[in-house]
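K.L.:
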Amino acid sequence: MEKDFLQEFVQQAAKENTEKIAREKRKKYFQELGRKGGLKTEQNKKLDKVISIRMTHSEYETLIQKQEKYPLKLSTYIRNVLFEKELKINEFQTDEILLQYGTHFKKITNLLRNREWNVFENKKEILLRIENLIGLIHQYLYSKIQKNE
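Convert by adding 1049 to the 1-based position in the sequence shown; the result is the number in my numbering.
1. Rounded to the nearest angstrom, how far is the Cβ of Ile1175 from that of Leu1161, given a contact under 8 Å?
2. Run the CB neighbour count on Tyr1126, radius 10 Å, all protein chains shown included, and call it buried at 16 or more, exposed below.
3. Do you know how far the Cα of Ile1157 is from the Cα of Phe1132?
4. Over the uninterrupted alpha helix (DSSP H) stretch that includes Arg1128, give me the two end residues.
5. By Cβ distance, which residues of its chain are closer than 8 Å to Ile1113, with the 5 residues on each side in sequence left out?
6. Look at the Cβ atom of Glu1151, then the Cβ atom of Ile1179, and state whether they are nearer than 8 Å.
7. Tell me whether Leu1088 sits in a helix, a strand or coil according to DSSP, three-state version.
8. Taking the continuous alpha helix (DSSP H) assigned at Thr1111, which residues delimit it?
9. Secondary structure at Ile1146, three-state DSSP: helix, strand or coil?
10. At the level of alpha carbons, what is the spacing between Leu1147 and Pro1120?
11. Given this structure, state the Cα-to-Cα distance separating Leu1088 from Lys1052, to the nearest angstrom.
Written out as structure tokens, the structure reads:
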């Protein structure tokens, strides 16, 4: 009986040891994958060159005043102006507003689908118009995204 207990104990210890080794191998495997993986960055997007320029105090103040109109860092603003990129900052605010309208219209649609709102005679027509409007908003935003790409 003592031999059975001893053999069983040794087998269980060996089994636990192999499971522990397997867990550690799995953990190391995923750690190694983490080192290799991740999102690939575009090579030309790295900002690794530094240029310093000298300017007068008045030129610097003018530059700062122009830059403060946009929520950009000074270096980003200068880079956009230098490469004649359009500064479309307010455009994103209108997109946010449109997205908020879309969410509100979806909430209204969900409310109208409840049983409590059966008092409207033309509920189906209202739902159809709201869904069409949501579709138009999404179509406009996706076409803008595709145009920018």
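Glycine included, each C-beta is placed from N, C-alpha and C at the ideal position.
P.N.:
Put simply:
1. Cβ atoms of Ile1175 and Leu1161 come within 8 Å of each other, at about 6 Å.
2. The residue is buried, with at least 16 neighbouring Cβ atoms inside 10 Å.
3. Taking the straight line joining both Cα atoms gives about 44 Å.
4. Leu1123 to Leu1131 is the extent of the alpha helix (DSSP H) around Arg1128.
5. In its chain, beyond the 5 residues on either side, Leu1123 have a beta carbon closer than 8 Å to the beta carbon of Ile1113.
6. A small correction: the amino acid at residue 1151 is Gly; Glu does not occupy that position in the sequence shown. No; because the gap between Cβ atoms is not below 8 Å, this pair is not in contact.
7. Low local confidence applies: a pLDDT of 48 at Leu1088 is under 50, so the model's placement there is unreliable, and no value is given.
8. First-last of the alpha helix (DSSP H) with Thr1111: His1106 to Gln1116.
9. Note: Ile1146 maps to helix in three-state DSSP.
10. In a straight line, the C-alpha of Leu1147 is about 20 Å away from that of Pro1120.
11. In this predicted model, Leu1088 has a pLDDT of only 48, less than 50, meaning its place in the structure is not dependable enough to derive any value.
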